[in-house]
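Beneath this line is the structure, given in structure tokens, with notes to follow.
Number of protein chains: 2
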Amino acid sequence: MDLQNALSKLDALQRRQLAYQHAMGLIDYDGATAAPSGAAANRGETLAILSEESYKLATGPETVDLLDALHENREQLDETHRRIVETMYEDIDEMRKVPMDEYVDYQRLLNESQAVWHRAKESDDYALFKPLLKRMIDANKRIMAYAKPDMPIYDALLNRYEKGLTREKCDAFFGVVRRELVPLIHAVSEAPQVDDSVLFGSFPLDRQRQLSDYLMDVMKLDRSHVAIAETEHPFTTGFTKYDVRITTHYHEENFSYSMFSVIHEGGHALYDLHPADDLAYTVLGGGVSMSIHESQSRFYENIIGRSREFIGLIAPRLRELFPHLRDVPDGALYLAINKAAPSLIRTEADELTYCLHILIRYELEQRLFDGTLTVEDLPAEWNRLYKEYLGVDVPSDKEGVLQDMHWSAGLFAYFPSYALGSAYGAQMLHVMKQTVDVKEALSRGDLSPINDWLESHIWKYGGLYDPGVLLEKALGMPFDPMYYIRYLKEKYSEIYRL
Amino acid sequence: MDLQNALSKLDALQRRQLAYQHAMGLIDYDGATAAPSGAAANRGETLAILSEESYKLATGPETVDLLDALHENREQLDETHRRIVETMYEDIDEMRKVPMDEYVDYQRLLNESQAVWHRAKESDDYALFKPLLKRMIDANKRIMAYAKPDMPIYDALLNRYEKGLTREKCDAFFGVVRRELVPLIHAVSEAPQVDDSVLFGSFPLDRQRQLSDYLMDVMKLDRSHVAIAETEHPFTTGFTKYDVRITTHYHEENFSYSMFSVIHEGGHALYDLHPADDLAYTVLGGGVSMSIHESQSRFYENIIGRSREFIGLIAPRLRELFPHLRDVPDGALYLAINKAAPSLIRTEADELTYCLHILIRYELEQRLFDGTLTVEDLPAEWNRLYKEYLGVDVPSDKEGVLQDMHWSAGLFAYFPSYALGSAYGAQMLHVMKQTVDVKEALSRGDLSPINDWLESHIWKYGGLYDPGVLLEKALGMPFDPMYYIRYLKEKYSEIYRL
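Protein chains in written order, with the numbering used here: chain A, 139 to 636; chain B, 139 to 636.
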């Protein structure tokens with residue numbers, strides 16, 4: 139084969155695929171930020187057609203022949219091209235197992251499901267969403283059975299977001315978390331509670347928008363390649379490293395919701411913005427896995443954003459924007475934003491109890507997929523587990539099972555990423571501190587040394603290595619959840635004077 | 139041939155084409171409203187690829203065979219399908235004459251040209267834009283020579299926006315306008331000037347945003363199918379009748395700029411929202427031509443929006459939003475917004491002198507295309523004509539030749555549509571008044587009778603008839619610019635007590 143010619147075909151193919159992904163990603167993003175409410179059916183029509191075209195491109199005979207040939211000759215390729223070929227070959231190998239009708243129908247279902255979930259959440263009407271959830275589960279079961287016939291369904295789902303992850307590994311990880319954190323949370327619950335009343339008041343949206351701009355500057359997000367918009371449930375999307383979007387949701391009565399959304403999504407965006415240039419228009423141009431992605435967002439949100447030094451850094455600007463905070467000392471602000479207490483809503487949960495929200499979803503998902511839980515019984519089980527693990531009563535499905543958009547968007551087995559990401563981030567901090575004076579960088583207000591470490595250890599590699607390999611390379615040691623446990627114990631023992 | 143089968147293929151083909159148009163339209167819209175500044179190259183890459191795919195679809199052998207067959211059997215089709223086939227057949231007949239490379243290169247150039255125009259306008263640097271303008275003119279010449287080899291280039295360009303229009307017809311139309319309006323403008327210039335100082339002050343953007351929402355409600359724009367966003371140079375785009383976007387630009391010091399943008403773009407949007415349902419996912423689902431489109435937008439902006447009754451209707455809300463206006467009587471507001479005076483910026487021109495801005499562009503365009511004017515000499519000629527026709531000195535290219543985005547977007551021969559549209563609208567008013575009490579509807583604040591007339595005479599037909607045919611059908615008589623002249627004479631003689 140003419141290798142040079144094949145590689146230039148491979149380049150063109152990736153650019154065409156990225157063009158479809160750009161278009162479809164933008165239609166989704168627009169649907170969540172700017173589109174009129176009655177445009178969902180039209181959007182679904184377009185997405186179904188574009189995904190059909192994209193599917194045809196990805197699985198057409200020309201593509202298959204090209205990848206078969208390149209895969210056979212992969213030993214002759216440089217590392218990057220070999221990785222690209224292996225990644226695309228694996229994808230196509232799975233995709234050709236899924237019938238095209240199934241794939242196209244799923245895109246349509248996905249769109250309907252998300253639109254219905256929006257309405258169901260708004261009107262607190264789980265019955266509206268229930269049949270869609272059932273269809274989403276069934277469709278995902280069928281698709282996974284086609285795509286990874288040799289894997290248990292839930293393992294197959296996990297592998298979509300974290301290659302190599304299994305239910306067994308997750309069980310072990312959540313086991314450590316449960317064993318170590320439940321007593322800590324128990325101790326915290328019995329300690330005198332910290333006062334977070336300073337976070338509440340009236341915070342005009344235009345001031346909160348200014349805060350978002352300021353935070354993005356502090357994080358060194360390059361605004362010529364990243365924009366911010368408003369949506370119901372914040373998310374980040376990147377079309378390439380040259381065009382990344384974050385979103386937030388402003389709550390007039392509490393500036394901290396949006397503040398930590400922006401920092402969290404900003405962490406995702408930094409990762410999306412910094413793959414090496416030669417990866418930009420390739421399949422390796424995004425982040426490698428969801429939990430590595432979440433390690434970046436949650437590292438920024440919690441480890442950086444909720445640190446004493448970061449709060450000290452931004453407090454003057456907060457006081458400038460919100461007269462309400464004028465007499466609040468840094469220390470009181472730090473305690474307020476780190477208040478830990480069992481609660482209802484995952485996205486508003488504190489750093490400490492957050493993992494239990496994930497644990498509940500993790501357990502329910504497994505049962506939905508292994509058939510031991512039906513969509514009829516889901517809300518009651520949801521509520522029972524919230525009572526059992528977190529001690530809270532769920533007053534409505536809107537604040538319960540309907541709160542997250544994930545299942546409506548087919549993101550099953552995605553939740554574990556958040557918990558794993560948190561744990562990865564804590565271990566990264568441990569290693570980073572060996573060469574970077576993190577506290578000093580934060581106090582000085584120049585986050586470059588932190589970003590530089592993340593860029594050189596994680597971001598620049600894009601999808602070049604499997605998540606497990608990348609993580610071990612970055613850490614210089616195997617993953618160990620005890621770094622996360624120790625980080626939380628130290629932080630919360632100090633805050634709650636345990 | 140199996141006609142039923144061919145028609146269902148035709149339906150699928152149109153839906154696929156609309157999906158590409160939706161994606162490309164949204165990428166453009168996003169580029170003008172939400173995208174980060176450094177994303178233009180990425181956007182260009184995606185647009186080039188999608189337009190190549192769309193071009194392949196539109197000109198591929200399957201499409202050509204289908205349309206050839208349907209065109210041959212067109213007499214067997216119902217009116218709507220016959221029209222669809224004729225429209226698509228004509229397009230394809232032109233498209234297959236343009237080489238694909240030319241088409242794809244043009245999409246890329248278009249994107250670059252718009253981005254550079256933005257920068258050139260911002261930095262008042264015509265030299266930056268000049269080479270792009272030259273390339274745009276050359277590309278349009280080449281493309282028109284391929285597409286309509288038997289037509290003079292400028293006629294071919296005119297026909298893109300108004301089928302059947304020629305330079306000869308335009309010359310005749312602008313002749314009447316020049317002959318009748320120049321003396322009127324002269325008389326107005328010598329009369330005592332009206333006072334528009336009440337329009338100036340400080341008008342907070344959030345209040346102006348509320349005004350936009352209010353105006354869209356008054357116009358009965360269905361917000362579940364039309365959204366508003368902010369941009370540099372306002373425009374409207376519709377993906378289908380189910381998803382239409384208008385844009386505006388807020389000026390803190392004068393609320394009326396954005397107010398009339400919203401009413402103007404709202405007029406476009408009403409047209410885009412109301413083709414009959416069975417036209418929605420077809421090539422006839424948009425407006426039929428640019429001047430019919432402009433007749434709707436300028437009808438709303440000027441004939442409705444700048445009428446005494448409309449100002450009376452919205453004045454209470456204006457006073458509520460802007461305390462500045464609290465003591466301004468309706469009459470003073472009416473005079474202020476109808477102040478006529480020669481000026482620099484087309485989009486800020488008054489209803490009366492507006493046509494001279496168009497006349498200047500019309501003359502320059504012809505000379506740029508027939509080779510008697512170079513891009514080097516363009517700014518000087520622009521400035522000379524502004525002095526000659528409007529008596530104003532152009533202080534900078536930013537306020538001169540760089541002010542409009544049209545040429546950067548390849549919209550050559552588009553400007554005449556604005557003037558023609560104004561004239562069509564005035565004649566529509568004349569006919570509408572025979573069955574609708576327009577003043578009474580406006581005074582009552584219920585614009586339904588006006589919208590109903592426009593819907594039943596113009597909107598619902600989409601692209602079903604040629605613009606000339608539609609217009610004569612709606613008017614029940616041939617087009618005659620004297621209705622426009624009489625409308626302006628009556629209005630401005632009263633305002634300036636001539």
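We treat Cβ as the ideally placed atom computed from N, Cα and C, and that holds for glycine.
What is the DSSP secondary structure of residue i, reduced to helix, strand or coil?
| i | result |
| --- | --- |
| Asn392/A | strand |
| Ile366/B | strand |
| Phe341/A | coil |
| Thr197/A | helix |
| Phe649/A | Given that chain A is displayed from residue 139 to residue 636, the structure contains no residue 649/A and the question cannot be resolved. |
| Asp618/A | coil |
| Arg383/B | strand |
| Leu602/B | coil |
| Ser445/B | coil |
| Met274/A | helix |
| Pro413/B | coil |
| Gln214/A | helix |
| Ala116/A | No answer is possible for residue 116/A: it lies beyond the span of chain A, which begins at 139 and ends at 636. |
| Arg361/A | coil |
| His160/B | helix |
| Ser509/A | Note that residue 509/A is Gly in the sequence shown here, rather than Ser. Here Gly509/A sits in coil by DSSP. |
| Ala325/A | helix |
Find the residues of chain B that neighbour residue i, judging by a C-beta separation of less than 8 Å, and give them in chain order.
| i | result |
| --- | --- |
| Arg363/A | According to the sequence shown, residue 363/A is His rather than Arg. Here the neighbours are Pro174, Gly176, Ala177. |
| Tyr380/A | Gly176, Ala177, Ala179, Asn180 |
| Thr184/A | Leu156, Ala157, His160, Ala161, Phe377 |
| Leu164/A | Ala161, Leu164, Ile165, Asp168 |
| Glu250/A | Neighbours of Glu250/A on chain B: none; closest Cβ ~15 Å, over 8 Å. |
Please list, in chain order, all residues of the same chain as residue i whose beta carbon is under 6 Å from its beta carbon, the five residues on each side excluded.
| i | result |
| --- | --- |
| Ala294/A | Met282, Lys286 |
| Ala325/B | Leu636 |
| Tyr108/B | Chain B is shown only over 139 to 636; residue 108/B falls outside these bounds and no answer can be derived. |
| Asp334/A | Ala474, Lys477 |
Leaving out five residues before and five after residue i in sequence, what residues of the same chain have Cβ atoms less than 7 Å from its Cβ?
| i | result |
| --- | --- |
| Leu266/A | Val254, Arg257, Ala258 |
| Thr184/A | Ile165 |
| Gly423/A | Thr378, Lys379, Pro413, Leu417, Gly600 |
| Gly443/B | Phe398, Ile401 |
| Pro517/B | Tyr264, Asp535, Gly538, Val539 |
| Leu494/B | Tyr527, Leu528 |
| Ser427/B | Tyr299, Glu300, Lys301, Pro605 |
Identify the residues that DSSP records as bridge partners of residue i: which are they?
| i | result |
| --- | --- |
| Arg522/A | In DSSP, Arg522/A forms no bridge with anything. |
| Gly376/B | Val382/B |
Kindly list, in the order they appear in chain A, the residues whose Cβ is closer than 9 Å to that of residue i.
| i | result |
| --- | --- |
| Ile384/B | Within chain A, no residue comes near Ile384/B; the closest Cβ sits about 11 Å away, beyond 9 Å. |
| Glu593/B | Result: empty, since nearest Cβ-Cβ is about 18 Å, beyond 9 Å. |
| Glu432/B | Within 9 Å Cβ-Cβ: nothing; Glu432/B doesn't reach chain A, min ~23 Å. |
Which residues of chain A have a Cβ atom closer than 8 Å to the Cβ of residue i, listed in chain order?
| i | result |
| --- | --- |
| Ile496/B | Residues of chain A passing the Cβ test: none, with the nearest at roughly 32 Å. |
| Asp344/B | Asp344 |
| Glu200/B | Per Cβ cutoff of 8 Å: no residues; Glu200/B is ~14 Å from chain A at best. |
Below 7 Å on C-beta distance, what does residue i contact in chain A?
| i | result |
| --- | --- |
| Ile187/B | Arg153, Arg154, Ala157 |
So which residues of chain B does residue i contact, with C-beta pairs closer than 7 Å?
| i | result |
| --- | --- |
| Ala367/A | Ala172 |
| Glu391/A | None at all; the shortest Cβ gap to chain B is about 18 Å. |
Within its chain, find whatever has a CB closer than 8 Å to the CB of residue i; leave out the 5 residues flanking it on each side and keep chain order.
| i | result |
| --- | --- |
| Glu368/A | Thr171, Thr385, Thr386, His387, Tyr388 |
| Leu270/B | Leu247, Glu250, Ser251, Val254, Trp255, Ser546 |
Check your understanding: Would you say the region 372-390 of chain B touches the region 554-561 of chain B, given that touching needs at least three Cβ pairs under 8 Å?
Key -> no
Point to revise | Stretch-stretch touch, CB-based, cutoff 8 Å, three pairs: the region 398-418 of chain A with the region 532-545 of chain A | key: no
Point to revise | Sufficient close CB pairs (3 or more, under 8 Å) joining the region 605-621 of chain A to the region 476-488 of chain A | key: As far as the Cβ criterion goes, the region 605-621 of chain A does not touch the region 476-488 of chain A, which means the pair count is below three.
Point to revise | Given 8 Å, three or more beta-carbon pairs between the region 344-355 of chain B and the region 386-397 of chain B | key: At 8 Å Cβ cutoff, the stretches touch.
Point to revise | Validate contact between the region 139-151 of chain B and the region 199-215 of chain B using beta carbons, cut 8 Å, 3 pairs | key: By the Cβ rule, the region 139-151 of chain B counts as touching the region 199-215 of chain B, because three or more pairs are nearer than 8 Å.
Exercise for review: Evaluate contact between the region 613-622 of chain A and the region 566-574 of chain A, counting only Cβ atoms and requiring at least three cross-stretch pairs below 8 Å.
Suggested key: yes
**Study point:** Stretch pair the region 173-184 of chain A + the region 209-216 of chain A: three plus CB contacts closer than 8 Å
**Key:** Contact between the region 173-184 of chain A and the region 209-216 of chain A is absent, because fewer than three Cβ pairs lie under 8 Å.
Point to revise | Inter-stretch contact at 8 Å, needing at least 3 Cβ pairs: the region 295-307 of chain B / the region 579-587 of chain B | key: Under the 8 Å Cβ criterion, the region 295-307 of chain B does not count as touching the region 579-587 of chain B, having fewer than three qualifying pairs.
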